[in-house]
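For reference, the structure is listed below as structure tokens.
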Amino acid sequence: VFQLSVPLNFLGSVYRELRQSLLDMETLFNLQKVNIAVKDKSDAKPLEFKGGEIRFENVTFGYHPDRPILKSVTFTIPAGKKTAIVGPSGCGKSTVLRLLFRFYDVQGGRILIDGRDIRDVTVESLRKSIGVVPQDTPLFNNTIEHNIRYGRIDATAEEVLHVSKRAKIHDTISAFPEGYQTMVGERGMMISGGEKQRLAVSRLLLKDPPILFFDEATSALDSHTEQALLGNISSILKEKERTSIFVAHRLRTIFDSDQIIVLRDGSVAEPPGIHEQLINSGGVYSSLWAGRDAEYGTGTVLY
Ligand code: ATP
Numbered sequence: 420v421f422q423l424s425v426p427l428n429f430l431g432s433v434y435r436e437l438r439q440s441l442l443d444m445e446t447l448f449n450l451q452k453v454n455i456a457v458k459d460k461s462d463a464k465p466l467e468f469k470g471g472e473i474r475f476e477n478v479t480f481g482y483h484p485d486r487p488i489l490k491s492v493t494f495t496i497p498a499g500k501k502t503a504i505v506g507p508s509g510c511g512k513s514t515v516l517r518l519l520f521r522f523y524d525v526q527g528g529r530i531l532i533d534g535r536d537i538r539d540v541t542v543e544s545l546r547k548s549i550g551v552v553p554q555d556t557p558l559f560n561n562t563i564e565h566n567i568r569y570g571r572i573d574a575t576a577e578e579v580l581h582v583s584k585r586a587k588i589h590d591t592i593s594a595f596p597e598g599y600q601t602m603v604g605e606r607g608m609m610i611s612g613g614e615k616q617r618l619a620v621s622r623l624l625l626k627d628p629p630i631l632f633f634d635e636a637t638s639a640l641d642s643h644t645e646q647a648l649l650g651n652i653s654s655i656l657k658e659k660e661r662t663s664i665f666v667a668h669r670l671r672t673i674f675d676s677d678q679i680i681v682l683r684d685g686s687v688a689e690p691p692g693i694h695e696q697l698i699n700s701g702g703v704y705s706s707l708w709a710g711r712d713a714e715y716g717t718g719t720v721l722y
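Next comes the structure, spelled out in structure tokens:
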């Protein structure tokens, strides 16, 4: 009996681990409402990364055929620069992310990364190249350290510490009685929306992908912490020349972008440009900035 129980116990724990990680993946995909059905073409090649220029070319897409979200949208996100996408709630900003990740395929036009149609590359290589801080970050029922390390499983404890400092969450974690070993998730400690966002930023900095997408990534932070975190993120992105995309309602978090794209009614509302250009041209962005846009409502907080 004794001889048998050892391997059975062992198998039991492997089974539980496996089951837990499958559940975790499920949670992740459910939370992100992910459609994982997109398949590789038989001749799909890994994405050859050359800087990370993204181009949407006449992209048409809707979740339902009778309700297009993007109508022949064209824009270029330059390699190594910070681009912001702004526009009223529901105009399709997060949809741009889902299409880029190929959670869905476009219904018209194409999306290119460094000149390659993303449907011709393997989904795995595509998703490895893009990192995201989503609107709502799924946390695993595990320690804070594990949750950050999910960005890159083989990271050292020092690396976890380093990114946490840059993500402005280290002091908060250190103040917890169990520090980085604090359990979070459904069965762990409740952590705030702003703490969750900073954990997500730590996770992304650890993953360190060539393309980074921040979807309302700092919306739950007080403006002092937000400014400090954005300053750190900006200097990391500049230093590493990463392509980044920021979606934000609070325009003051993106006005220093190298390019601002305004989406509205399924289209690009005006030629993209930097803040000063868009203010001078007196179009949609300038009225958003002035807080005069009724559609934007109270979501727009200016200074
Ligand atoms: P917000 O600023 O509020 O986050 P958004 O600009 O990011 O909005 P999206 O999330 O891209 O907007 O959604 C665009 C539109 O598509 C919305 O009207 C939304 O209700 C709809 N939509 C999003 N996901 C789905 C889905 N899985 N099935 C059907 N409709 C969807």
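Residue numbers (UniProt numbering): 420 to 722.
All C-beta atoms in this analysis are idealised placements derived from N, C-alpha and C, irrespective of residue type, glycine included.
Query	Result
Any idea if A647 is buried or exposed, counting beta-carbon neighbours within 10 angstroms, 16 or more meaning buried?	exposed
Whole angstroms is fine: what's the gap from D627's alpha carbon to L618's?	14 angstroms
Less than 7 angstroms separating the Cβ of T672 from some heavy atom of the ligand GDP?	Among the ligands modelled here, namely the ligand ATP, the ligand GDP does not occur.
Taking 7 angstroms as the cut-off, is the beta-carbon of G509 closer than that to any non-hydrogen atom of the ligand ATP?	yes
Which one of D485, F522, Q526 has the shortest CA to CA distance from V478?	Q526
For my contact list, F674 and F633 are in at a C-beta cut-off of 8 angstroms; report their separation, rounded to the angstrom.	In fact, because the Cβ distance is near 15 angstroms, the residues do not count as touching under 8 angstroms.
Please check the pair T672 and L649, which I expect to be a contact at CB under 8 angstroms, by giving their CB distance rounded to whole angstroms.	6 angstroms
Alpha carbon to alpha carbon, what distance is there between G509 and E472?	25 angstroms
Report the partner residues of Q678 according to the DSSP bridge assignment.	T502
Expressed to the nearest angstrom, what Euclidean distance is found between the alpha-carbon atoms of R568 and D533?	29 angstroms
Kindly give me the distance between the Cβ atoms of G499 and L631, rounded to whole angstroms, as I take these residues to be in contact under 8 angstroms.	G499 to L631, Cβ: 11 angstroms. No contact.
Which residues mark the beginning and the end of the beta strand (DSSP E) in which N561 is found?	It is not in any beta strand (DSSP E) - N561 carries neither H nor E in the DSSP assignment.
Measuring only from the beta carbon, is Y704 closer than 7 angstroms to any heavy atom that is part of the ligand ATP?	no
Leaving aside the five residues before and after G716 along the sequence, list all residues of the same chain whose C-beta is less than 7 angstroms from its C-beta, in chain order.	Residue placement at G716 is poorly supported in this model, since its pLDDT is 45, which falls under 50; the coordinates still yield a value, given next. Result list for G716: empty, nothing under 7 angstroms.
Would you check if the distance between the CB atom of V540 and the CB atom of K469 is smaller than 8 angstroms?	no
Using a Cβ distance threshold of 8 angstroms, determine whether the stretch 485 to 494 contacts the stretch 680 to 696, with at least three qualifying pairs required.	yes
Check whether the Cβ of I664 sits closer than 7 angstroms to any heavy atom of the ligand ATP, and report yes or no.	no
For the stretch 511 to 526 against the stretch 590 to 602, are there 3 or more C-beta pairs whose distance is under 8 angstroms?	no
Can you check DSSP and say which residues form a bridge with V478?	V492
Please list, in chain order, all residues of the same chain as G702 whose beta carbon is under 6 angstroms from its beta carbon, the five residues on each side excluded.	E689
Where does T637 land, buried or exposed, given buried means 16+ other C-beta within 10 angstroms?	buried
Within the same chain, show all residues whose beta-carbon is closer than 8 angstroms to that of S653, passing over the 5 residues directly before and after it, in chain order.	K501, D675
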